[in-house]
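Beneath this line is the structure, given in structure tokens, with notes to follow.
Numbering (the numbering used here), first residue to last: 29 to 349.
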């Protein structure tokens, strides 16, 4: 029987005070960014001044999520390279870098929760990070938890799309590029990556041999929930939308009108019941992180653009009041 490697420092005691301090500072930083983006957008973005309060909050929340996405992706890269791993993806050196980036993510999630507190927000994706950072002996699954944060990469093109929709530029080439970029990035970071990480959890982390099950099982459950929603959104929301856009492009080219899917979208929004427009498919796919709902300011139509999406997408018209 192989002997287990020596326990890491984090497996005998947890730096609860340090982790709480980092999470608190991150919370304050993101809250400050939210306020500063509100002030800066009021001064420098003319369209922002005409937004209702809910839409302004959604805009500023997108700024926050963009900053968070960049920060955690860089942090994950640093943590993965600075921690030593064995052949079973178990850490063999201090996991302090991972705890730091997890604390930053916790601070952001809590800030986002305050912003959208009037809406029900499931906290499943936050629980594993809380347990990891504030319960001693959690050394397994660090590899999986770190890589799962890379789903934030898809937030960048999603937010680009959301910003363009907020200022009425749904018919622009940039909006079309954002849609296709979202599809490509989602395919890698929110479809292939979660499937791979579920495989890693079952092959390398289960059953727990050197860590308390209180650490592994919430991570394992969270991995399956996140993978289920991310893969479901890819196949039942994003893929139908891309197919509809490609058909619209083909129809426009065959008709010799010189139009594209953006023109089809514009026409679809002017007709009730048009099922081939370029808006998000009306699939009732639940989201793990629902942000502020907002209506269009100038047009009395259903706004089906995407909210600030962390781990899933739910069109507003499917959500109900």
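Ideal Cβ positions, reconstructed from N, Cα and C, are used throughout, including at glycine. None of these values were measured; they are calculated from a predicted model.
Proximity of residue i and residue j at Cβ, strictly below 7 Å
i: residue 125; j: residue 115; result: no
i: residue 138; j: residue 55; result: yes
i: residue 101; j: residue 181; result: yes
i: residue 121; j: residue 112; result: yes
i: residue 353; j: residue 253; result: Only positions 29 to 349 of the chain appear in this structure, which leaves residue 353 out of reach.
i: residue 69; j: residue 76; result: yes
i: residue 143; j: residue 194; result: no
i: residue 119; j: residue 170; result: yes
Cut-off 7 Å between Cβ atoms - residues of its own chain near residue i, not counting five sequence neighbours on either side
i: residue 174; result: 104, 107, 108 and 126
i: residue 255; result: 222, 223 and 226
i: residue 219; result: 258, 259 and 262
Cα-Cα separation, residue i to residue j
i: residue 164; j: residue 43; result: Note that residue 164 has pLDDT 45, beneath the 50 cutoff, so the model's placement of it is unreliable and the number below is only indicative. Distance between the alpha carbons of residue 164 and residue 43 is about 8 Å.
i: residue 45; j: residue 129; result: 15 Å
i: residue 229; j: residue 123; result: 18 Å
i: residue 96; j: residue 281; result: 40 Å
i: residue 82; j: residue 267; result: 29 Å
i: residue 199; j: residue 49; result: 45 Å
i: residue 273; j: residue 80; result: 30 Å
i: residue 53; j: residue 67; result: 21 Å
i: residue 93; j: residue 279; result: 37 Å
i: residue 244; j: residue 235; result: 9 Å
i: residue 213; j: residue 271; result: 17 Å
i: residue 85; j: residue 47; result: 28 Å
i: residue 201; j: residue 78; result: 24 Å
i: residue 249; j: residue 275; result: 38 Å
Cβ distance (whole Å) where residue i is taken to contact residue j below 8 Å
i: residue 233; j: residue 172; result: 7 Å
i: residue 61; j: residue 98; result: At roughly 12 Å, the Cβ-Cβ gap does not stay under 8 Å, so residue 61 and residue 98 are not in contact.
i: residue 136; j: residue 58; result: 5 Å
Spatially closest choice to residue i from the options, by CA coordinates
i: residue 74; options: 196, 96, 188 and 53; result: 196
i: residue 215; options: 245, 183 and 275; result: 183
i: residue 269; options: 202, 210 and 249; result: 210
i: residue 207; options: 199, 200 and 189; result: 189
i: residue 117; options: 271, 231, 248 and 275; result: 231
Own chain partners of residue i with C-beta closer than 8 Å, once the 5 adjacent residues on each side are dropped
i: residue 203; result: 189, 192, 193, 197 and 290
i: residue 251; result: 172, 176, 222, 225, 226 and 229
Residue i at chain C interface by Cβ criterion, 7 Å
i: residue 278; result: Of the protein chains in this structure there is only one, and it is not chain C.
Own chain partners of residue i with C-beta closer than 6 Å, once the 5 adjacent residues on each side are dropped
i: residue 327; result: Caution applies to residue 327, whose pLDDT of 44 falls short of 50 and renders its modelled position unreliable; the value that the coordinates give is listed next. Hits under 6 Å: none found.
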